[in-house]
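S.K.: In the UniProt record's numbering, the protein residues as written are 1 to 336.
Here it is: the structure, laid out below.
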Amino acid sequence: MPAHKTKRSEIFRPSHEQNKLPLTFNNSVELKQLYLHRWVPNLKIPLFYGIWIALGIIAWNSSYWASTWVCYLGMGYIQMGIVTFMHDCTHSTLFKVRWKNQAFGIFAMIPLIISFTSFKEDHLIHHRHNRTSKDPDAFTMGKRGVGDFILFYAYAIIGVFLTAIQFTLIFPLKILRGKKALIHWSEIALHIVVMWAVFDWAASQSITNQVFNVWFWPLIFFGFFNSMRFIAEHYGCPWDAGPLVGTRTIISNQLNSFFWNNINYHIGHHARPGVPWYNLQKLHALLLPEIERAGALIDKSYLVIFIHALWQGPETAATTESRNSSSSKSFTRNID
């Protein structure tokens, strides 16, 4: 894959699908207000870290395996929410000041091992080329060969390991050059130093197993949630059709929207990546007439789509086209 140099102006440049939106919408006061930053919603950040740490303390001290594993599960779920904050940093929308996005992005990635720089560059290319042959994240699309099936189900089950390999080694060696490569490897060095310091201290206190468990097992659950989320947001969407129809919004439930910071309103995010997470529901309401006009996909459940994807397996252009035909609304259009 050729290296892509991503400029900020390219991320917010209207795509061919966005250009089809009515001029009154593109220039509306309501839309412009959605780009404004507010600091109060970001108070969720310390709240989430507090919940994450509290669950870790409970798991550490619990003498019941059931409560311990429930806490690990909860930590993985909360970590998914923390990562969606980091995701906003890739678009410089979590904070108004650019360096704060960079700093928090790097900090949030430390437990995950992979670098913020690598993820950011991959993610911005994904936005520019969503559901096309240039999309680095379009691995669910293939020829349904043996390798395609292995990759698809491996990501669904143990995605956290594949993600670590992809963003730590494969993508950086393939794409990153110069300053970005230097920052990436500096981040990896930082992660190694932090991990070494933590486990060296744990060994001196004879608590290595406890520290490993409270870090590793939540990470496995996080990987599963992340795989389910990503597959559900893109699987079965039309190929090379623009941001409005190239992804799907999932009206899951307000509790999940709260903890995953509205990432489920994914059509709006792809159409307007400069809108902060706390305004995505309002953006969805503004976009809804155009979403319906374009025939974009809105569903109700991450789990239902994920199970459907596991049943169907890897995609091809032909299966995607047939799955999104007007005769297949039972799966693709689950709106009351």
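Glycine residues also receive a C-beta, built at the ideal position from the N, C-alpha and C atoms.
1. H123 to T90, Cα distance in whole Å?
2. State buried or exposed for E292, treating a residue as buried only when at least 16 other CB atoms are found within 10 Å of its CB.
3. Near S118, what residues of its chain come up, given a Cβ to Cβ distance below 6 Å and the 5 sequence neighbours on each side ignored?
4. If we call anything under 7 Å between Cβ atoms a contact, is R98 one with G246?
5. Within the region 255-331, note down every full beta strand (DSSP E) run reaching 3 residues or more, in order along the chain.
6. Figure out for me which residue from L190, W215, H270, A54 has the closest Cα to the Cα of R128.
7. Assuming I263 and T84 form a contact by the criterion Cβ under 8 Å, report the distance between their Cβ atoms to the nearest whole angstrom.
8. Do you know offhand how far I125's Cα is from R248's?
9. Taking buried to mean at least 16 other C-beta atoms within 10 Å of its own C-beta, is L303 buried or exposed?
10. I need the boundaries of the beta strand (DSSP E) containing R229, first residue and last residue.
11. Taking the beta carbon of S252 as the centre, do at least 16 other beta carbons fall within 10 Å, making it buried, or is it exposed?
12. Under three-state DSSP, which class holds I183?
13. Hey, would you say Y64 sits closer than 7 Å to W217, going by beta carbons?
14. When the distance is taken between beta carbons, is G223 closer than 7 Å to G313?
15. Taking the beta strand (DSSP E) that R248 falls in, what are its first and last residues?
16. Using a 10 Å radius around the Cβ and a threshold of 16 neighbouring Cβ atoms, would you call N209 buried or exposed?
17. For the alpha helix (DSSP H) containing Q33, name the first residue and the last one.
18. What's the gap between the Cα of H87 and the Cα of G81?
19. From A296 to L280, what distance separates their C-alpha atoms?
20. Taking its Cβ as the centre, do 16 or more other Cβ atoms sit within 10 Å of I57, making it buried, or is it exposed?
21. Roughly how many angstroms separate the alpha carbons of K179 and S257, rounded to a whole number?
22. So the alpha helix (DSSP H) L151 belongs to, where does it begin and stop?
23. Measuring only the C-alpha atoms, how far is L310 from I250?
24. Using only CA atoms, which one of Q102, I192, H234 lies nearest to L112?
25. Around the C-beta of L169, are 16 or more other C-beta atoms found within 10 angstroms, so that it is buried, or is it exposed?
26. Measuring straight from C-alpha to C-alpha, what distance separates E315 and K143?
27. For H284 versus Y265, is the C-beta distance shorter than 7 Å?
28. Would you kindly report the start and end of the unbroken alpha helix (DSSP H) that includes G81?
29. Would you tell me roughly how many angstroms separate the C-alpha atoms of residue 337 and K100, rounded to the nearest one?
30. With Y77 and F225 assumed to form a contact (beta carbons below 8 Å), what rounded beta-carbon distance in angstroms separates them?
31. Going straight from the alpha carbon of K96 to that of F107, what length do you get?
32. Using alpha carbons as the reference points, say which of T320, I307, P273 lies closest to L36.
33. Flag this pair as yes or no: are the beta carbons of W239 and A317 separated by less than 7 Å?
34. A241: buried (16+ other C-beta within 10 angstroms of its C-beta) or exposed?
M.R.: According to the structure shown:
1. Translated into positions along the sequence shown, residue 123 becomes position 123. Translated into positions along the sequence shown, residue 90 becomes position 90. Distance between the alpha carbons of H123 and T90: 8 Å.
2. In the sequence shown, counting from the first residue as 1, residue 292 sits at position 292. Exposed, since its Cβ has fewer than 16 Cβ neighbours within 10 Å.
3. Locating residue 118 in the sequence shown gives position 118, where the first residue counts as 1. Once the five neighbours on either side are set aside, the close Cβ partners of S118 are F167, F171, P172, H184.
4. For the purposes of this step, residue 98 is identified with residue 98 of the sequence shown, where counting begins at 1. For the purposes of this step, residue 246 is identified with residue 246 of the sequence shown, where counting begins at 1. Contact: no.
5. 297-299
6. On the sequence shown, residue 128 is found 128 positions in, with the first residue counted as 1. Ranking the options by Cα distance to R128, first place goes to H270.
7. Reading the sequence shown from its first residue, position 263 is the one you call residue 263. Reading the sequence shown from its first residue, position 84 is the one you call residue 84. Their Cβ separation, rounded to whole angstroms, is 5 Å, which keeps I263 and T84 in contact under 8 Å.
8. Taking the sequence shown and counting its residues from 1, the one referred to as residue 125 is at position 125. Taking the sequence shown and counting its residues from 1, the one referred to as residue 248 is at position 248. Answer to the nearest angstrom: the Cα atoms are 18 Å apart.
9. To locate residue 303, count along the sequence shown from 1; it is residue 303. By the 10 Å Cβ count, L303 comes out exposed.
10. By 1-based counting over the sequence shown, the position of residue 229 is 229. Not the beta strand (DSSP E): R229 falls in the alpha helix (DSSP H), residues 208-234.
11. Reading the sequence shown from its first residue, position 252 is the one you call residue 252. Buried, by the Cβ-count rule.
12. The residue labelled residue 183 in the question sits at position 183 within the sequence shown. Note: I183 maps to helix in three-state DSSP.
13. Against the sequence shown, residue 64 aligns to sequence position 64. Against the sequence shown, residue 217 aligns to sequence position 217. Going by C-beta atoms, Y64 is not nearer than 7 Å to W217.
14. In the sequence shown, counting from the first residue as 1, residue 313 sits at position 313. In the sequence shown, counting from the first residue as 1, residue 223 sits at position 223. In this structure, G223 does not lie closer than 7 Å to G313 by Cβ.
15. Against the sequence shown, residue 248 aligns to sequence position 248. First-last of the beta strand (DSSP E) with R248: 248-250.
16. Counting from one through the sequence shown, the residue named residue 209 turns up at place 209. With fewer than 16 Cβ atoms within 10 Å of its Cβ, N209 is classed as exposed.
17. Numbered from 1 along the sequence shown, position 33 holds the residue referred to as residue 33. Element bounds for Q33: 29-34.
18. The residue given as residue 87 occupies position 87 in the sequence shown. The residue given as residue 81 occupies position 81 in the sequence shown. Each residue's Cα considered, the two are about 10 Å apart.
19. The residue you call residue 296 lines up with position 296 of the sequence shown. The residue you call residue 280 lines up with position 280 of the sequence shown. A296 and L280: Cα-Cα distance of roughly 16 Å.
20. If you number the sequence shown from 1, residue 57 lands on position 57. Exposed: under 16 other Cβ atoms inside 10 Å.
21. Here residue 179 is taken as the residue at index 179 of the sequence shown, counted from 1. Here residue 257 is taken as the residue at index 257 of the sequence shown, counted from 1. In a straight line, the C-alpha of K179 is about 36 Å away from that of S257.
22. Here residue 151 refers to the residue found at position 151 when the sequence shown is read from its first residue. Its alpha helix (DSSP H) spans residues 146-165.
23. Working through the sequence shown from its first residue, we reach residue 310 at position 310. Working through the sequence shown from its first residue, we reach residue 250 at position 250. Approximately 18 Å between the Cα atoms of the pair.
24. Residue 112 sits at position 112 when you count from the first residue of the sequence shown. The candidate whose alpha carbon is nearest that of L112 is I192.
25. Position 169 of the sequence shown holds residue 169. Burial call: exposed.
26. Working through the sequence shown from its first residue, we reach residue 315 at position 315. Working through the sequence shown from its first residue, we reach residue 143 at position 143. When rounded, the distance between both Cα atoms is 8 Å.
27. Within the sequence shown, numbered from 1, the residue matching residue 284 stands at position 284. Within the sequence shown, numbered from 1, the residue matching residue 265 stands at position 265. Yes, Cβ-Cβ distance for H284 and Y265 is below 7 Å.
28. On the sequence shown, residue 81 is found 81 positions in, with the first residue counted as 1. From DSSP, the alpha helix (DSSP H) with G81 extends over 65-90.
29. For residue 337 there is no data in the structure shown, the boundaries of the chain being 1 and 336.
30. In the sequence shown, the residue the question calls residue 77 occupies position 77. In the sequence shown, the residue the question calls residue 225 occupies position 225. With 8 Å as the limit, Y77 and F225 qualify as a contact, their Cβ atoms being about 6 Å apart.
31. Taking the first residue of the sequence shown as 1, we reach residue 96 at position 96. Taking the first residue of the sequence shown as 1, we reach residue 107 at position 107. Taking the straight line from one Cα to the other gives about 17 Å.
32. Position 36 of the sequence shown, counting from 1, holds the residue named residue 36. Of T320, I307, P273, the residue nearest in Cα terms is P273.
33. Walking along the sequence shown from the start, residue 239 turns up at place 239. Walking along the sequence shown from the start, residue 317 turns up at place 317. Contact: yes.
34. What you label residue 241 is simply residue 241 of the sequence shown in a count that begins at 1. A241 is buried by the Cβ-count criterion.
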